[in-house]
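Start counting the sequence shown at 2; every next residue gets the next number (the numbering used here).
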Amino acid sequence: MKTAVLILAAGKGKRMQSDIPKQFMSVEGKPLFLYSVEKFLPLVDRTVLVTGEEDTGTCVKILSEYGLSGRVDVIAGGKERYDSSMRGLLYLEETGGCDTVLIHDAARACISEEVILRVIRQAEEEKTAVAAVPVKDTVKIAGPDKTVLDTPDRSTLFAVQTPQGFAFGSLLSAYRKFYESPFAGITDDASVMERCSDIPVKLCEGSYDNIKVTTPEDILFVQNYFKGEKQ
Ligand code: CTP
Ligand code: MG
Numbered sequence: 002m003k004t005a006v007l008i009l010a011a012g013k014g015k016r017m018q019s020d021i022p023k024q025f026m027s028v029e030g031k032p033l034f035l036y037s038v039e040k041f042l043p044l045v046d047r048t049v050l051v052t053g054e055e056d057t058g059t060c061v062k063i064l065s066e067y068g069l070s071g072r073v074d075v076i077a078g079g080k081e082r083y084d085s086s087m088r089g090l091l092y093l094e095e096t097g098g099c100d101t102v103l104i105h106d107a108a109r110a111c112i113s114e115e116v117i118l119r120v121i122r123q124a125e126e127e128k129t130a131v132a133a134v135p136v137k138d139t140v141k142i143a144g145p146d147k148t149v150l151d152t153p154d155r156s157t158l159f160a161v162q163t164p165q166g167f168a169f170g171s172l173l174s175a176y177r178k179f180y181e182s183p184f185a186g187i188t189d190d191a192s193v194m195e196r197c198s199d200i201p202v203k204l205c206e207g208s209y210d211n212i213k214v215t216t217p218e219d220i221l222f223v224q225n226y227f228k229g230e231k232q
């Protein structure tokens, strides 16, 4: 079974409000996206970094500084996250494809080998594997004026993460259907699979450490996480 990972790093990081996109922010002296790249490299057959059109050259340079030239393909992503995923899937198809594809947010630098292997194993066996953790907070659905409309049963709620792993052909077909009649509110790849394929999407155990660096306080968490790992 051939496994590829698409590491998505083509976002603008608006909620981080920093000068440079969050995936390039330095954590313990290393650009954030490299933590994911280095974690996946020994566990998969192909690693593709999807980044901003204007950042591909910089990424190639950084990868070479870390001795990773030739081990990671760098391609340009698109406007929305789903455009970046689609570009990555089409690139994989053009260059020989794979059996299982994992898609991972470069912003989730604290991804562990354990979660990656769990997602790979389940995706190979069951065609889908979405890293997720049970939500700790009570979740409410509210209207625009903040009036609470409903409180879903917490035991049925999960916070979804990446990596998300899928049978490659099935995910690419689902994405093609999605582009034929797109719909709004797509923030992960599983949603495309849920709406545009008949294959049931299954969760798989993620980790509470596997946060998505999104707002400034998240950087402190990641700095602490990697300080601890070094000791
Ligand atoms: N991403 C991408 N292409 C896009 C948008 C997002 O590859 N057009 C990537 C981001 O780089 C990130 C991951 O998808 O690693 C998750 O997205 P998110 O956390 O929303 O990152 P940003 O879109 O960069 O941040 P924001 O929404 O705050 O602008
Ligand atoms: Mg975004």
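Positions of the beta carbon are idealized from the N, C-alpha and C atoms, including for glycine.
9 Å Cβ cutoff met for residue i and residue j
i    : j    : result
T101 : A10  : no
F222 : I212 : yes
L204 : V116 : no
G78  : R88  : yes
V73  : T48  : yes
S37  : M26  : no
Contacting residues, own chain, Cβ-Cβ under 6 Å from residue i (five flanking each side not counted)
i    : result
F34  : A10, Q24, A107
L173 : L90
V134 : A160, G207, Y209
E29  : F227
P43  : none
Nearest-angstrom beta carbon gap, residue j and residue i [assumed within contact, 8 Å]
i    : j    : result
I104 : P153 : Rounded, the Cβ-Cβ distance is 26 Å, inconsistent with contact.
T216 : M17  : 6 Å
I8   : V51  : 7 Å
F169 : M194 : Contact flag wrong, Cβ pair sits at about 12 Å.
Counted within 10 angstroms of its Cβ, other Cβ atoms place residue i as buried (16 or more) or exposed
i   : result
K40 : buried
S86 : buried
G53 : buried
K13 : exposed
I21 : exposed
P32 : buried
L93 : buried
Own chain residues within Cβ distance below 8 Å of residue i, not counting five before or after
i    : result
V140 : T152, P153, R155, L158
S113 : K40, S208, D210, N211
S192 : G186
Spatial neighbours of residue i in its chain, beta-carbon cut-off 7 Å, leaving aside the 5 residues before and after
i    : result
G264 : Because the chain is modelled from 2 through 232, residue 264 falls outside the range shown and cannot be assessed.
Please give the ranges of any alpha helix (DSSP H) in the segment 61–135, keeping only runs that are unbroken, at least 4 residues long and fully inside the region. Within the segment 61–135, the complete alpha helix (DSSP H) segments of 4 residues or longer fall at 82–95, 114–127, listed in chain order.
Runs of beta strand (DSSP E) wholly within the segment 147–231 (minimum 3 residues, chain order): Annotation note: the segment 147–231 contains the following uninterrupted beta strand (DSSP E) runs of length 3 or greater, listed N- to C-terminal: 149–151, 159–168, 204–206.
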